[in-house]
Amino acid sequence: MIISLPNSEAIATSIAKKLCQKHIVLEKDYFPDGELYVRFPASVRGENVVLVRSFQPEPQEALCEVLWAGMTARRLGARKVTLVAPYLGYVRQDKEFNPGEAISVRVSGELIGHAVDKVVTLDPHLHRIKDLSSVYGCPVSALTANTLLADFIVKKYGKGIIVGPDEESEQWAARIARSIGWQSTVLKKTRYSSRHVRVELKEQLDVKNKTVVIVDDIISTGDTVAKAALLVSKMKPGKIAAVCVHGLFAENALKKLRSAGISSVACTNTIKNAHAQMDCAGLLAGELQ
Ligand code: R5P
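Counting from 11, one number per residue, gives the positions in the sequence shown under the working numbering.
So this is what it looks like as structure tokens:
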């Protein structure tokens, strides 16, 4: 039984169709004082319940809804509760960067692990933690959209160079480039704050008159990709495009990308937005079979 939570109806419907399963929408409301109210509109007793909820926009709402829905499904006698989070939030804060900070991946992971039996997600931002199962205390299947991105890039741009804006992006940039026979390079990034980064070259780069596709897992404020584009644009490329898995586009990200000379931006539909051009429902459905 596929159950969509707010903001994820489209992708939940698509997953349900691929699996030829029932799809229902979780009822959500607020009490007059602002507290969350959720209700399953059909019996989940004995069912394999799949909750679909992306953690953007409104990550706090998403977390609460998942906890309320998961624990309620269990209380109502669901056989198994799986969370499909096409974009899983709170993963990037994986250590105490400054004294006293919450390690969000641990806090959210422990809570979610209490509410569901399994998590399925796409390209979670894994850096210092290699397997989220150890943090969540339940199995976490981390799938990758690399094949979707690779097919999209080759169909749309034909031939060019893939640039990863930082060392962490190598797992997407280099692998995708290899799979389509493109050249690739990764840049060096220094992060000063959650909104400001500096990006520099690690090796000589010849992009003159070539198509450059900047590939990353997440575009949030857009600063990382914009700084990479500004650097590359000094080398007179043919055009610069940006392709990512999760298009968060926080604040004025899209404006920043355009001002940096990026002519097209594309992402998967893990988060609903106008730039979602790759459908990941098939990948997620495959993991539920
Ligand atoms: C972090 O290293 C990620 O791979 C992305 O580069 C980062 O999340 C992008 O954030 P922003 O768009 O705010 O620079």
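Note that CB positions come from ideal geometry on N, CA and C, so glycine has one too.
For residue i, three-class secondary structure by DSSP
i, result
"residue 31", "coil"
"residue 134", "coil"
"residue 278", "strand"
"residue 54", "coil"
"residue 260", "coil"
"residue 284", "coil"
"residue 44", "coil"
"residue 229", "strand"
"residue 193", "strand"
"residue 223", "strand"
Nonlocal neighbours in the same chain, by C-beta distance under 8 angstroms from residue i, ignoring five residues either side
i, result
"residue 229", "235, 252, 254, 256, 257, 258, 259, 263, 267, 275 and 277"
"residue 111", "103"
Alpha helix (DSSP H) segment containing residue i, residue limits
i, result
"residue 156", "156–167"
"residue 241", "233–243"
"residue 99", "Here residue 99 belongs to no alpha helix (DSSP H), and DSSP marks it neither H nor E."
"residue 117", "114–125"
heavy atom of the ligand COA below 7 angstroms from residue i C-beta
i, result
"residue 235", "With respect to the ligand COA, the structure offers nothing, as its ligand set consists of the ligand R5P."
Residue i beta carbon near the ligand R5P (any heavy atom closer than 7 angstroms)
i, result
"residue 189", "no"
"residue 210", "no"
"residue 228", "yes"
"residue 178", "yes"
"residue 154", "no"
"residue 102", "yes"
"residue 135", "yes"
"residue 232", "yes"
"residue 67", "no"
Residues of its chain near residue i, where Cβ-Cβ distance is below 6 angstroms and the 5 sequence neighbours each way are ignored
i, result
"residue 271", "239, 243 and 250"
"residue 87", "55"
"residue 293", "153"
Range covered by the beta strand (DSSP E) that runs through residue i
i, result
"residue 37", "37–40"
"residue 81", "Not the beta strand (DSSP E): residue 81 falls in the alpha helix (DSSP H), residues 69–85."
"residue 298", "No beta strand (DSSP E) contains residue 298, which is instead part of the alpha helix (DSSP H) from 291–298."
"residue 151", "150–153"
"residue 209", "207–210"
Buried versus exposed, by CB contacts within 10 Å (16 or more), residue i
i, result
"residue 246", "exposed"
"residue 107", "exposed"
"residue 109", "exposed"
"residue 299", "exposed"
"residue 204", "exposed"
Cβ neighbours of residue i in the same chain (closer than 7 angstroms, five flanking residues each side left out)
i, result
"residue 80", "61, 91, 93, 125 and 126"
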